[in-house]
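Undergrad: Taken in sequence, the protein lines are chains S and P.
Quick note on numbering: the working numbering labels position 153 of the first sequence as 153, and the sequence is numbered without any gaps.
Each number in the working numbering comes from the position in the second sequence (counting from 1) with 1000 added on.
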Amino acid sequence: MRDRLFIIIAGAVVGLLAVVLVLQGNPVNMGFCIACFIRDIAGGLGLHRAGVVQYIRPEIIGLIIGAFVTAFYVKEFKSTGGSSPVLRFALGMLMMAGALIFLGCPLRMVLRLAGGDWNALVALPGYVLGVWFGTLFLKKGFTLGRSQELTPVSGYAGPFVAVVLLILLVAAPAFIFFSEEGPGSMGAPLILTLGAGLLVGILAQRTRLCTMGAIRDIILFKDFHLFYGFAAIFIVALIGNLLTGYFNPGFEGQPVAHISSLWNFSGMTVVGLAAVLAGGCPMRQLILTGEGQSDALITVFGMMAGAAFMHNFGLAGSPAGVSPAGQWIVLISLVILAVIGFGNSKVLSGNK
Amino acid sequence: MVYSCYITFPTTYFAIRAESILKNEDFVFKMVPVPRSISSSCGTALRCQCEEITRIKDTLIQNDLELEGFYRLKEEGLRTPTVEELDLNE
């Protein structure tokens, strides 16, 4: 009862903030998008040179620091790691690859849906399918291995990276890139975006809000707890968009979106499967990073590398659609995910 | 005031297996997310009646399942639940 109330509140706050951030300058249907924002950070650091998506997004910094401060305060900060780091890095890359085919992480999928972007309605069943594939591996004993307790230095690495990013953002030295046009040039004022990130970081740490867990728990145990948070994001964002005139139903002409249904669907299948195997959606990885989990930080680094990879080689989707090379990436990602899934499932691999 | 008992697992795999094993027994139980007051991690726990937790534990261990922890929670409406870790090891 208590937990359920809190997760609904957390979801509602995320939905509300997403609408406010768009009103204050964030790209439409992108009040929050973890994958897009990590991609923008990769661009801001010059890891890719897609000029329209380069900006060190304060929301991401806020999420990590918010989760860190909360976890530290309630004594849940624990430095752990060492569970299949290379595979987690790869899962982060693949999660980002799928998200940049669809043009959004699961959180933005919900926000796009709440903005009337029906392409997200096509992507949602793809995401559910990906999570369902993931649960098949879980049922066969999939695990990346237990993490171990590490020295505090490892745990502080995530929050440290967040602080460094904040310094780079504020100091804005010449080697940091800031988009002058496109989505990367659009952002609400720093105080708002950083504050929104901090608040969501706190709430998500307290409630374990996770867009992958929401679907996974329904499939595995018919448990709707995390789904209540997921649904609250949608409902509040939908109401907010209706009230502010940002609800524009349709497939075509949607902001930062394309209409290739097959790739919207399958891109999110990649994200769903990768998120189950990595143990959390992109947002959850940031929260776990704040709690001191090096495994999650490695996944976040994987996402940054994935973003650089997708943009440097012209693989990411764009309003024009998905290039043939990008389409191949979806197929290759699914094959790699299957290999990781089979190889780490006790029953399937014969490993103990 | 309601008391519930919880068993946690090292991985989701063991939670899934626990459910399939206990389905064939006449225990009252439900698979739920690990209560927030027990852990900040996002695993799955088994909620059961406290009178049955020892017998459930024995059944699961007989089936070679790995279990992580045992807890009793006092849940009162919107108040923070009181968590008591149980020591069920002989």
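Quick reminder that beta carbons are idealized off the backbone N, C-alpha and C, glycines included.
Quick caveat, the model's predicted, so the values are computed rather than measured.
State yes or no: is the C-beta of I298 (chain S) within less than 7 Å of the C-beta of F89 (chain S)?
TA: Contact flag set, yes.
Undergrad: Locate the alpha helix (DSSP H) running through C36 (chain S), then write down its first and last residues.
TA: Where C36 (chain S) is concerned, the enclosing alpha helix (DSSP H) stretches over I34 to G44.
Undergrad: Out of S:A232, S:L166, S:Q148 and S:V53, which has the shortest C-alpha to C-alpha gap to N312 (chain S)?
TA: Taking only the C-alpha atoms, the option nearest N312 (chain S) is S:V53.
Undergrad: Restricting to runs no shorter than 4 residues, where is the alpha helix (DSSP H) found entirely within the region 73 to 125 of chain S?
TA: As far as the region 73 to 125 of chain S is concerned, its whole alpha helix (DSSP H) runs of at least 4 residues are 85 to 102 and 106 to 114.
Undergrad: Using a Cβ cut-off of 7 Å, which residues of the region 1034 to 1055 of chain P contact any Cβ in chain S, in chain order?
TA: Residues P1035, R1036, S1040, C1042 and T1044.
Undergrad: Taking all protein chains shown into account, decide if W263 (chain S) is buried (16 or more other Cβ within 10 angstroms of its Cβ) or exposed.
TA: Burial call: buried.
Undergrad: Counting Cβ pairs, one atom from each stretch, are 3 or more of them under 8 Å apart for the region 268 to 276 of chain S and the region 1027 to 1044 of chain P?
TA: Cβ pair count under 8 Å is below three, so no.
Undergrad: Determine which residues of the region 1063 to 1083 of chain P have a Cβ less than 8 Å from any Cβ of chain S, and write them out in chain order.
TA: So the list reads E1075, G1077, L1078, R1079, T1080 and P1081, given in the order they occur along the chain.
Undergrad: When DSSP builds the beta bridges, which residues end up paired with K1072 (chain P)?
TA: The question names Lys, but residue 1072 (chain P) in the sequence shown is Arg. Looking at the DSSP assignment, R1072 (chain P) forms a beta bridge with P:C1005 and P:E1084.
Undergrad: For N248 (chain S), which residues of its own chain have a beta-carbon under 6 Å away from its beta-carbon, when the five flanking residues on both sides are left out?
TA: Once the five neighbours on either side are set aside, the close Cβ partners of N248 (chain S) are G116.
Undergrad: Check whether the region 165 to 172 of chain S and the region 25 to 39 of chain S touch, using three or more Cβ-Cβ pairs below 8 Å as the test.
TA: Output reads no: the region 25 to 39 of chain S does not touch the region 165 to 172 of chain S.
Undergrad: Enumerate in chain order the residues of its own chain whose CB-to-CB distance from P361 (chain S) is below 7 Å, with the five nearest sequence positions on each side excluded.
TA: Outside the shown range of chain S, which is 1 to 352, sits residue 361 (chain S), and nothing can be said about it.
Undergrad: Below 8 Å on the Cβ atoms is my contact criterion, and I expect G317 (chain S) with F68 (chain S) to pass it. Report the Cβ-Cβ distance as a whole number of Å.
TA: Actually they do not touch by this definition, with Cβ atoms about 32 Å apart.
Undergrad: Against M1 (chain S), what residues of chain P qualify as contacts under a CB-to-CB distance less than 8 Å, listed in chain order?
TA: The contacting residues are E1075, G1077 and L1078.
Undergrad: Within a Cβ cutoff of 7 Å, which residues of the same chain sit near S266 (chain S), ignoring the five residues on either side of it in sequence?
TA: Hits under 7 Å: G126 and V330.
Undergrad: Could you name the residues of the same chain whose beta carbon sits closer than 8 Å to that of E252 (chain S), not counting the 5 residues immediately before and after it, in chain order?
TA: Excluding residues within five positions, the ones whose Cβ falls inside 8 Å are I259.
Undergrad: Please look up how many angstroms separate the CB atoms of F230 (chain S) and M1031 (chain P), rounded, as I've assumed it's under 8 Å.
TA: F230 (chain S) to M1031 (chain P), Cβ: 19 Å. No contact.
Undergrad: Across the region 70 to 80 of chain S and the region 186 to 205 of chain S, are there enough close Cβ pairs to call them in contact, namely three or more that are closer than 8 Å?
TA: The region 70 to 80 of chain S vs the region 186 to 205 of chain S: in contact.
Undergrad: Taking T1008 (chain P) as the query, report the chain S residues whose CB atoms sit under 7 Å from its CB, ordered along the chain.
TA: Ordered by position in chain S, no residue passes the 7 Å Cβ test against T1008 (chain P), which lies about 14 Å from the chain.
Undergrad: Against chain P, which members of the region 61 to 76 of chain S pass a CB distance test of less than 9 Å?
TA: Listed by position along the chain: A71, V74 and E76.
Undergrad: Between which two residues does the alpha helix (DSSP H) holding P152 (chain S) run?
TA: P152 to A171 is the extent of the alpha helix (DSSP H) around P152 (chain S).
Undergrad: Let me know if L5 (chain S) comes out buried or exposed under the rule of 16 or more other beta-carbons within 10 Å of its beta-carbon.
TA: L5 (chain S) should be labelled exposed.
Undergrad: Among S:V13, S:N119, S:K78 and S:E76, which has the Cα closest to the Cα of G321 (chain S)?
TA: Of the candidates S:V13, S:N119, S:K78 and S:E76, the one whose C-alpha sits nearest the C-alpha of G321 (chain S) is S:N119.
Undergrad: Any heavy atom of the ligand COA closer than 6 Å to the Cβ of P189 (chain S)?
TA: Among the components modelled here there is no ligand, and therefore nothing to report on the ligand COA.
Undergrad: Which value, in whole angstroms, describes the spacing of the CA atoms of G1043 (chain P) and A174 (chain S)?
TA: Approximately 44 Å, taken between the alpha carbons.
Undergrad: In the structure shown, what three-state DSSP assignment does M30 (chain S) receive?
TA: M30 (chain S) falls in the coil class under three-state DSSP.
Undergrad: Less than 7 Å between the C-beta atoms of A325 (chain S) and L315 (chain S), yes or no?
TA: Yes, these two residues count as a Cβ contact at 7 Å.
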